[in-house]
Amino acid sequence: MGIALQTSPFFQVLEYLAIFFCGLSGGLAAIRKNYDVLTIMITAWLTGLGGGIIRDLMLGAIPPAGVSDIGSIFTSFAAGILVALLHPEVDKLKWTMLIIDALSIGLFAVNGASKALMYNMSGITAVFLGTFTAIGGGTIRDMLLNDVPQIIRDRHWYIVPAIIGTIFTVFVWRLEQYKAISFQTEFVLDAGIVVLVVLLRLASVQFDIEVPGALQRNKT
Amino acid sequence: MGIALQTSPFFQVLEYLAIFFCGLSGGLAAIRKNYDVLTIMITAWLTGLGGGIIRDLMLGAIPPAGVSDIGSIFTSFAAGILVALLHPEVDKLKWTMLIIDALSIGLFAVNGASKALMYNMSGITAVFLGTFTAIGGGTIRDMLLNDVPQIIRDRHWYIVPAIIGTIFTVFVWRLEQYKAISFQTEFVLDAGIVVLVVLLRLASVQFDIEVPGALQRNKT
Amino acid sequence: MGIALQTSPFFQVLEYLAIFFCGLSGGLAAIRKNYDVLTIMITAWLTGLGGGIIRDLMLGAIPPAGVSDIGSIFTSFAAGILVALLHPEVDKLKWTMLIIDALSIGLFAVNGASKALMYNMSGITAVFLGTFTAIGGGTIRDMLLNDVPQIIRDRHWYIVPAIIGTIFTVFVWRLEQYKAISFQTEFVLDAGIVVLVVLLRLASVQFDIEVPGALQRNKT
Chain A
303 MGIALQTSPF
313 FQVLEYLAIF
323 FCGLSGGLAA
333 IRKNYDVLTI
343 MITAWLTGLG
353 GGIIRDLMLG
363 AIPPAGVSDI
373 GSIFTSFAAG
383 ILVALLHPEV
393 DKLKWTMLII
403 DALSIGLFAV
413 NGASKALMYN
423 MSGITAVFLG
433 TFTAIGGGTI
443 RDMLLNDVPQ
453 IIRDRHWYIV
463 PAIIGTIFTV
473 FVWRLEQYKA
483 ISFQTEFVLD
493 AGIVVLVVLL
503 RLASVQFDIE
513 VPGALQRNKT
Chain B
303 MGIALQTSPF
313 FQVLEYLAIF
323 FCGLSGGLAA
333 IRKNYDVLTI
343 MITAWLTGLG
353 GGIIRDLMLG
363 AIPPAGVSDI
373 GSIFTSFAAG
383 ILVALLHPEV
393 DKLKWTMLII
403 DALSIGLFAV
413 NGASKALMYN
423 MSGITAVFLG
433 TFTAIGGGTI
443 RDMLLNDVPQ
453 IIRDRHWYIV
463 PAIIGTIFTV
473 FVWRLEQYKA
483 ISFQTEFVLD
493 AGIVVLVVLL
503 RLASVQFDIE
513 VPGALQRNKT
Chain C
303 MGIALQTSPF
313 FQVLEYLAIF
323 FCGLSGGLAA
333 IRKNYDVLTI
343 MITAWLTGLG
353 GGIIRDLMLG
363 AIPPAGVSDI
373 GSIFTSFAAG
383 ILVALLHPEV
393 DKLKWTMLII
403 DALSIGLFAV
413 NGASKALMYN
423 MSGITAVFLG
433 TFTAIGGGTI
443 RDMLLNDVPQ
453 IIRDRHWYIV
463 PAIIGTIFTV
473 FVWRLEQYKA
483 ISFQTEFVLD
493 AGIVVLVVLL
503 RLASVQFDIE
513 VPGALQRNKT
């Protein structure tokens, strides 16, 4: 799968799309608070690439892609510039943004878990690092802007689909590793995981499915 | 000592206890703010294992134990689940929690400094990394929940006992290294350091001993 | 250049000065909020050495200088102690602090970018890591104190001069590498870059030059 991610133009394009749309939503967070263009660029970059930086530091993949892969860096900056110019339009695309955001969670979850597995990490480490890739950038951005991070504020399913996506990714990777499925099947299944993550996220927002709180008991 | 930490069932049990009780106090912080179960699990994990992740990244111990050691991860999650179910009871255990919290500071200080020394770090680096292990998890948790971290809010001795504990740990390690004391003596002394850290912390709360502020001068 | 930074007593003294004055401004931030002496020391250390720790983690320079180089650590602590004793005087030195702060941005930008290039990083990675070194410490400090970081609050040029400084540093490094300029010339040019960064920062504050916001359009 990891190799598929690297070699398939389809996945490559989707990965840059994830960075790009993460960048849009990151830049928009800064615009809404009336910050300057530089802050917009920083938050676009951080949201698009911050999760991957955490993953790479924990993998020992030095230097992290977020400060060295020119394509990724320029993609996030392009998103920042675009949103600085076109923010009234972008701001109107509520559902579009929600879908795009969900898509980036799905793509990053599959991508992050796969990169960890390529580095010979265990399944549980891959689940952690895939989840960090999916939600890390937005979390650092919110900490920098002094907000409570979205993973905490948003009671809808946000981190749950990411975790489910990474678990499936590990499972599919193992199937391919033990030759139970072909490389092509893995490829298709990974794409399916991305779609599943998107649907879980959107369903949770649409039907108002929330993660429950701590157990409440009657005070007697 | 490091080897003692690894090989002695006594220290192993105590280490998991430290993670467990750190996890309880971390989860409780999320419950008090009415966050959902997932946030409770995240803060339990982060408080129990976040300090060790910082230590491991700075040591180059890749991947960090906090995303790869299954025993540690499950211990922190078990603490999160338990506190989500039993929080009214846990919340009542004020002094118990304070003791447990102090114990986890002491254990993590000795454990973190020892791991750094095992990686051939200098004494000063061991003091830093031991202290990070002891107070890092709670600090990241507070930053994530958008609070001023406890190491800053709490004017009682919190980080001071951790630093003292790491300094003694380095000292005892060097004694054993130069054969001035036996391995068994080191083992006992390390246990003593944990007790010392706990006593310092509790004495500071009980007798209201505070770290002084910056020098105040009469405005003339 | 990197070697110049290491070997030249001139640059060595300036680097410690940067840490020292960063430490002063960091400690002062804690004093203004009435935090205790320990918090003053932590923020002094974090402001002086936090940026370099981020740089070193991303370079794989393990352990980071901020937890292992005794000269750097003691310099930051000395700054913390000094500001705790003399804060009314330091607080009065508004322009002096501004100049010193600008100087530390310039020095850290050149120093951070050069260290990255010494580790065979690409130019773009050197720009990122040099900028992180210059602004990272203050940013972590502000996140810890639960403030919106200065890089975001300050609409004057703050991060811009740092980025410009790192770009010039990479350019000068490449010139020396391809023997277009001598080692001595590189040395002089690097000193010039530090001066340039300081002047850009001060000019931005003096003449109120701000980074523009996102494009505003007439609502029609």
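Chains as they are written, first to last, in this note's numbering: chain A, 303 to 522; chain B, 303 to 522; chain C, 303 to 522. All C-beta atoms in this analysis are idealised placements derived from N, C-alpha and C, irrespective of residue type, glycine included. Just so we're clear, the structure is a prediction, and the values are computed from it rather than from any experiment.
At least 8 Å separates the beta-carbon of residue 366/C from that of residue 343/B.
Per DSSP, reduced to three states, the secondary structure at residue 338/B is strand.
Not a single CB atom of chain C sits nearer than 8 Å to the CB of residue 420/A. By the Cβ neighbour-count rule, residue 459/B is buried, with 16 or more other Cβ atoms within 10 Å of its own. Between residue 320/A and residue 416/A, the CB-CB gap reaches or exceeds 8 Å. Look at the region 348-369 of chain C: the residues with a C-beta under 8 Å from a C-beta of chain A are 359, 360, 361 and 362. Using beta-carbon distances, residue 441/A does not count as an interface residue toward chain C, since no partner is under 8 Å. For residue 512/B, DSSP records a beta bridge to 458/B. Contact residues of the region 438-465 of chain A toward chain C are 445, 446, 447 and 448 (C-beta to C-beta distance below 8 Å).
A Cβ of chain B is located within less than 8 Å of the beta carbon of residue 341/C. Residue contact with chain A for residue 427/C: present (Cβ-Cβ distance below 8 Å to some residue of chain A). Within the region 482-505 of chain A, no residue has its Cβ closer than 9 Å to any Cβ of chain B. The Cβ-Cβ distance between residue 438/A and residue 495/A does not fall below 8 Å. One finds nothing in chain C with a Cβ atom closer than 8 Å to the Cβ of residue 318/A; even the nearest lies about 17 Å away. C-alpha of residue 331/C to C-alpha of residue 345/C: approximately 8 Å in a straight line. Annotation: the region 335-398 of chain B contains the following complete segments of the alpha helix (DSSP H) (minimum length 4 residues), in chain order: 339-361 and 372-394.
A straight line joining the alpha-carbon of residue 381/C with that of residue 338/C spans about 15 Å. In the three-state reduction of the DSSP assignment, residue 422/A falls in the coil class. Take the alpha-carbon of residue 491/B and the one of residue 358/C: they are about 34 Å apart.
Shortest Cα-Cα distance from residue 423/B to any of 506/B, 372/B, 500/B and 472/B involves 472/B. The three-state reading of DSSP puts residue 480/B in coil, since its state is none of H, G, I, E or B. At a Cβ-Cβ threshold of 8 Å, residue 513/A and residue 463/A do not count as neighbours.
Across the structure, residue 369/B and residue 470/C are spaced so that their CA atoms are roughly 39 Å apart. Of all alpha-carbon atoms in 333/C, 350/C, 341/C and 336/C, the one lying nearest the alpha-carbon of residue 318/C is that of 350/C.
Proximity to residue 435/A across 450/A, 442/A, 455/A and 411/A peaks at 411/A, based on C-alpha coordinates. Inter-residue distance for residue 430/B and residue 467/B is about 11 Å (C-alpha atoms, whole angstroms). Close partners of residue 375/A in chain C (Cβ separation under 9 Å): 426 and 430. The beta carbon of residue 390/B sits no closer than 8 Å to any beta carbon of chain C.
Contacts with chain B at 8 Å (Cβ-Cβ) include residue 372/C.
DSSP places residue 413/B in the helix class (H, G or I) of the three-state scheme.
Judged by beta-carbon spacing, residue 328/B lies within the 8 Å limit of residue 348/B, meaning their Cβ atoms are closer than that value.
Close partners of residue 478/A in chain B (Cβ separation under 7 Å) are lacking, with about 22 Å as the shortest Cβ gap. Taken through DSSP and simplified to helix, strand or coil, residue 444/C comes out as helix. Contact between residue 445/B and residue 445/A is confirmed by a C-beta separation of about 6 Å, below the 8 Å threshold.
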